[in-house]
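>
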Amino acid sequence: MLSLAQRRTSTSPARVPVGSRRSRIILTVILIAGAMVTIFPFIWMILGSLKTMQEGMRFPPTFLPETWDWSNYKEAWQGPPGTLGRYLKNTVIIGVVGTGIQLFVCSLAAYAFAMLPIKGRETLFAVVLATMMVPGEITLIPNFVTIRSLPFLGGNDWLGQGGTGLYDTYAGIILPGVVGAFNIFMLRQAFLQIPKDLWEAAQIDGSGSWRYLWQIVLPLSLPALITVGIFGLVGRWNGLLWPLVITRGEDLRPIQLAMIYFQGEYTTDNGLIMAASVMATLPVVVIFLLMQKQFIEGIGSTGLKG
Amino acid sequence: MARISAEPITSPPPAARGGLGRLLRERRRTSGWGGLLYVLPAFALLVLFELWPIIFSIWISLWRWDVKPLNFIGLDNFTRLFGEGMITRDFKGNLIPGEALNSLIVTVYYVIGTVPITLALAFVLAYMLFRGVRGESFLRTLYFLPHVTSSVAITLVFAWIFNPRVGIANALFDWIGFPTQTWLQDPSPALKNLLSYIGLGGILDGLPDWASGPSVALTVVMIFSIWSSLGFAIIVYLSGLTSIPRDLSDAARLDGATEWTVMRTIIWPLISPTTFFLLVISTINAFQAFNPIYTLTRSSGLGRSEAGGPLDTTLTITVYIFRNFYERANSVGYAAAVSLLLFVILLGLTLLQFRAVGKRVHYQ
Chain E
13 MLSLAQRRTS TSPARVPVGS RRSRIILTVI LIAGAMVTIF PFIWMILGSL
63 KTMQEGMRFP PTFLPETWDW SNYKEAWQGP PGTLGRYLKN TVIIGVVGTG
113 IQLFVCSLAA YAFAMLPIKG RETLFAVVLA TMMVPGEITL IPNFVTIRSL
163 PFLGGNDWLG QGGTGLYDTY AGIILPGVVG AFNIFMLRQA FLQIPKDLWE
213 AAQIDGSGSW RYLWQIVLPL SLPALITVGI FGLVGRWNGL LWPLVITRGE
263 DLRPIQLAMI YFQGEYTTDN GLIMAASVMA TLPVVVIFLL MQKQFIEGIG
313 STGLKG
Chain S
102 MARISAEPIT SPPPAARGGL GRLLRERRRT SGWGGLLYVL PAFALLVLFE
152 LWPIIFSIWI SLWRWDVKPL NFIGLDNFTR LFGEGMITRD FKGNLIPGEA
202 LNSLIVTVYY VIGTVPITLA LAFVLAYMLF RGVRGESFLR TLYFLPHVTS
252 SVAITLVFAW IFNPRVGIAN ALFDWIGFPT QTWLQDPSPA LKNLLSYIGL
302 GGILDGLPDW ASGPSVALTV VMIFSIWSSL GFAIIVYLSG LTSIPRDLSD
352 AARLDGATEW TVMRTIIWPL ISPTTFFLLV ISTINAFQAF NPIYTLTRSS
402 GLGRSEAGGP LDTTLTITVY IFRNFYERAN SVGYAAAVSL LLFVILLGLT
452 LLQFRAVGKR VHYQ
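These protein sequence lines map, in sequence, to chains E and S.
Offset between the first sequence (1-based) and this note's numbering: plus 12.
Offset between the second sequence (1-based) and this note's numbering: plus 101.
1. Can you tell me the Cα-Cα spacing of S:His-248 and S:Ser-330, whole angstroms?
2. Compute the Euclidean distance between the alpha carbons of S:Ile-156 and E:Thr-181, then round it to the nearest angstrom.
3. So is S:Arg-456 in contact with chain E if we call contact Cβ pairs under 8 Å?
4. Is the closest heavy atom of the ligand ADP to the C-beta of E:Leu-256 under 7 Å?
5. Distance, Cα to Cα, S:Asp-167 vs S:Ala-143?
6. When the distance is taken between beta carbons, is E:Glu-87 closer than 8 Å to E:Glu-78?
7. S:Ile-197 lies in the beta strand (DSSP E); which residues open and close that run?
8. Ignore the nearest five residues each way along the sequence and tell me which others in S:Ile-446's own chain have a CB closer than 6 Å to its CB.
9. So S:Tyr-427 and S:Gly-314 are supposed to be a Cβ contact under 8 Å. How far apart are they, rounded?
10. Out of curiosity, what's the CA-to-CA distance linking S:Asn-172 and S:Ile-304?
11. Select from the segment 82 to 116 of chain E all residues with a C-beta closer than 8 Å to any C-beta belonging to chain S, and list them in chain order.
12. Taking just the CA atoms, how far does E:Gly-148 sit from S:Thr-250?
13. With 8 Å as the threshold, decide whether the Cβ of E:Ile-308 is near any Cβ in chain S.
14. Name the two residues that bound the continuous beta strand (DSSP E) containing S:Leu-171.
15. For E:Gly-97, I'd like the list of residues in its chain whose CB is within less than 8 Å of its CB, leaving aside the five on either flank, ordered along the chain.
16. Can you tell me where the alpha helix (DSSP H) with S:Trp-164 in it begins and where it stops?
17. Would E:Leu-1 pass as a contact of E:Phe-75 if the rule is Cβ separation under 8 Å?
18. Does the CB of S:Phe-144 have a neighbour CB from chain E at under 8 Å?
19. Establish whether the CB of S:Gln-286 and some CB of chain E are separated by less than 8 Å.
20. Taking the beta carbon of S:Arg-456 as the centre, do at least 16 other beta carbons fall within 10 Å, making it buried, or is it exposed?
21. Any residues in the segment 258 to 283 of chain E with a beta carbon nearer than 9 Å to a beta carbon of chain S? Which ones, in chain order?
22. Which residues in chain S have a C-beta closer than 8 Å to the C-beta of E:Ile-228? List them in chain order.
23. Alpha carbon to alpha carbon, how far is E:Pro-29 from S:Ser-297?
24. Please check if any C-beta of chain S sits within less than 8 Å of the C-beta of E:Glu-149.
25. Mind pulling the chain S residues with CB within less than 8 Å of E:Ser-289?
26. Taking its Cβ as the centre, do 16 or more other Cβ atoms sit within 10 Å of S:Asn-431, making it buried, or is it exposed?
27. Hey, does E:Val-298 have any beta-carbon neighbour from chain C nearer than 8 Å?
28. Determine whether the beta carbon atoms of S:Ile-418 and S:Val-439 lie at a separation below 8 Å.
29. Could you tell me the distance, in whole angstroms, from the CA atom of E:Gly-172 to the CA atom of S:Leu-141?
30. Can a CB atom of chain E be found closer than 8 Å to the CB of S:Ser-158?
31. Got a sec, what are the start and stop residues for the alpha helix (DSSP H) E:Arg-223 sits in?
32. By Cβ distance, which residues of its chain are closer than 7 Å to S:Thr-283, with the 5 residues on each side in sequence left out?
33. I believe S:Ala-318 touches S:Asp-287 by the beta-carbon criterion, under 8 Å. Please report the beta-carbon distance rounded to the nearest angstrom.
34. Contact criterion: CB-CB distance below 8 Å. Does E:Gln-2 meet it with respect to chain S?
35. Just tell me which of S:Ser-289, S:Thr-414, S:Ala-201 has its CA closest to the CA of S:Asn-468.
36. Taking DSSP as the reference, what is the three-state secondary structure of E:Pro-188?
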């Protein structure tokens with residue numbers, strides 16, 4: 013590696029493989045080996061989902077399934093109460109509604125912090141950023157109490173007493189995590205990169221700030237919105253602690269809690285658990301793979317590099 | 102992170118242009134109240150669900166509280182936290198760390214065992230990807246996949262891989278001639294075991310187990326955490342590396358500098374804002390980690406399906422808070438007290454990082 017790229021000249025364009033043939037091969041081999049280790053758990057999960065219960069309990073384990081047993085998928089689908097489909101439906105509702113509200117509310121705030129003159133903007137923005145330091149564990153308990161005692165909801169009176177508020181509702185699951193200071197920060201970074209000539213030109217044309225946001229700012233910031241949206245979707249897809257404590261039964265619980273259910277009920281049938289894992293993981297992987305180009309682009313524009 | 106300042110990008114409106122109506126519109130637009138409406142929804146939600154909880158936690162921590170407040174007990178929860186929670190006696194009468202201090206020690210092991218390794222690995226891999234290999238974007242995607250899927254589902258795969266009886270990790274150990282392990286059920290210190298296996302057993306023998314580094318079980322959890330957070334750090338590093346101007350390193354190479362010198366004296370200092378950003382974010386995340394520890398160690402604690410075992414060696418502070426809040430009766434107030442302690446620690450740590458490292462970071 014030491015002699016790598018010594019012959020390179022400053023005229024060589026970026027990202028062209030450089031260095032001696034041998035060092036490039038070594039680099040490639042190391043990177044591929046690392047990638048294999050990284051994706052091994054996924055491969056093991058898929059292979060395991062096709063093994064029978066007996067084969068899943070064998071030591072030393074087989075690598076490829078002896079008989080490709082697809083019945084695990086059907087059984088895993090029907091395993092938890094109300095089928096896995098119910099948990100997936102809950103996850104999609106929580107993910108789509110939550111991320112939609114998140115993008116809307118955070119975009120508005122980020123836009124104002126980036127472009128609109130507000131009295132005391134610096135102070136307000138500092139307060140918003142300060143909330144990033146508040147750990148999820150400190151908000152867990154008070155938010156639980158707050159959600160249960162929101163006034164006029166779920167049988168509560170105006171003092172928030174008597175009922176259960178938004179406890180055990182979709183709204184209760186979605187609401188506390190719907191705005192993140194970090195999302196506002198990322199979107200603001202992206203909005204700041206829009207040339208301000210555009211804003212001046214729009215003002216001369218008589219375009220108000222609301223129209224400018226929808227017609228210019230948001231369309232130009234699509235990669236950043238996709239990045240924030242994917243982080244939001246993935247976060248909600250993987251949500252565990254909050255949905256666990258804010259729901260009573262299995263009715264409204266999202267997919268990760270189905271996996272907790274599997275972990276408790278089917279401790280020995282690894283094939284079944286792996287089949288459920290594949291079904292719980294696949295949707296979010298597919299979404300990421302479809303969106304990854306914009307996602308990576310967005311990471312650059314949201315200032316996610318310090 | 103240091104570029105966070107609310108620089109206004111709007112210049113004063115060109116007042117001379119247009120008539121009176123336009124002038125009024127300009128004034129309305131720049132007076133500051135319209136902009137506030139945009140901020141209001143997000144701000145209200147942040148205040149209610151992020152800032153109010155800090156004050157509310159203090160209130161809850163003064164109560165014996167179950168689902169509802171039971172009775173006001175003043176500072177009793179804090180006396181318990183800083184008393185028996187910190188130092189207690191075992192059955193022989195020796196002084197040992199209490200539950201809370203133990204969870205702090207476990208958390209520190211977890212943070213020290215994951216953050217530096219993740220950042221170092223991420224930098225090396227990102228730099229290799231950046232130097233250009235064929236299929237760079239494909240490899241990048243593979244490395245990032247765990248970050249998207251770091252969920253319960255994938256921890257169950259890890260639990261199977263590290264299953265003491267049928268896991269492939271033990272098959273591998275068996276195959277290369279190492280003694281098989283009980284992994285997530287093993288509370289003994291991993292480092293001590295390793296040292297005695299290679300014949301250096303005497304070094305850590307004087308130390309009690311809680312002071313000898315992470316347990317084998319916690320090490321497995323740490324492996325999972327490094328695996329799942331590596332991809333994010335790689336992507337952020339790559340994004341930082343692409344924004345470094347190339348003329349400096351190119352000039353150095355022309356002057357005959359070795360690749361190692363270029364990396365050490367040019368790339369590494371210029372990438373330091375990214376490293377600092379990742380350090381702050383990863384430390385905070387590691388202190389707050391819950392999901393992998395909970396799912397990997399569930400049913401290894403004391404009660405039925407309690408997390409944090411074996412022998413509380415994976416009981417990080419977050420799992421300890423959860424245990425008191427959700428799994429133990431009447432301890433919500435105590436859990437709130439512990440979460441306040443975590444908050445103070447995190448706040449102090451972040452400020453410390455900004456003071457200690459922030460000054461030495463090189464900004465372009």
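For each residue, glycine too, the CB sits at the ideal point set by N, CA and C.
All values reported here derive from a predicted model rather than from experimental measurement.
With the structure as the only source:
1. 6 Å
2. 25 Å
3. no
4. Inclusion of the ligand ADP in the displayed structure is not the case, the ligand content being empty and no account of it being possible.
5. 31 Å
6. no
7. 196 to 198
8. none
9. In fact, because the Cβ distance is near 29 Å, the residues do not count as touching under 8 Å.
10. 51 Å
11. none
12. 20 Å
13. yes
14. 170 to 173
15. Trp-89
16. Per DSSP, S:Trp-164 belongs to no alpha helix (DSSP H); it is in the beta strand (DSSP E), 164 to 166.
17. This structure cannot settle anything about residue 1 of chain E, because the visible part of chain E is limited to 13 through 318.
18. yes
19. no
20. exposed
21. Ile-267, Gln-268, Leu-269, Ala-270, Met-271, Ile-272, Phe-274, Gln-275, Gly-276, Thr-279, Asn-282
22. The contacting residues do not exist; E:Ile-228 stays about 13 Å from chain S at best.
23. Low confidence applies to E:Pro-29: its pLDDT is 46, below 50, so where it sits in the model is not reliable enough to give any reading.
24. yes
25. Ala-254, Ile-255, Leu-257, Val-258
26. exposed
27. Of the protein chains in this structure, namely E and S, none is chain C.
28. yes
29. 23 Å
30. yes
31. 221 to 224
32. Pro-265
33. 6 Å
34. Residue 2 of chain E is absent from the structure shown; chain E starts at 13 and stops at 318.
35. For chain S, the structure presents residues 102 to 465; residue 468 of chain S sits outside this window and is missing.
36. helix
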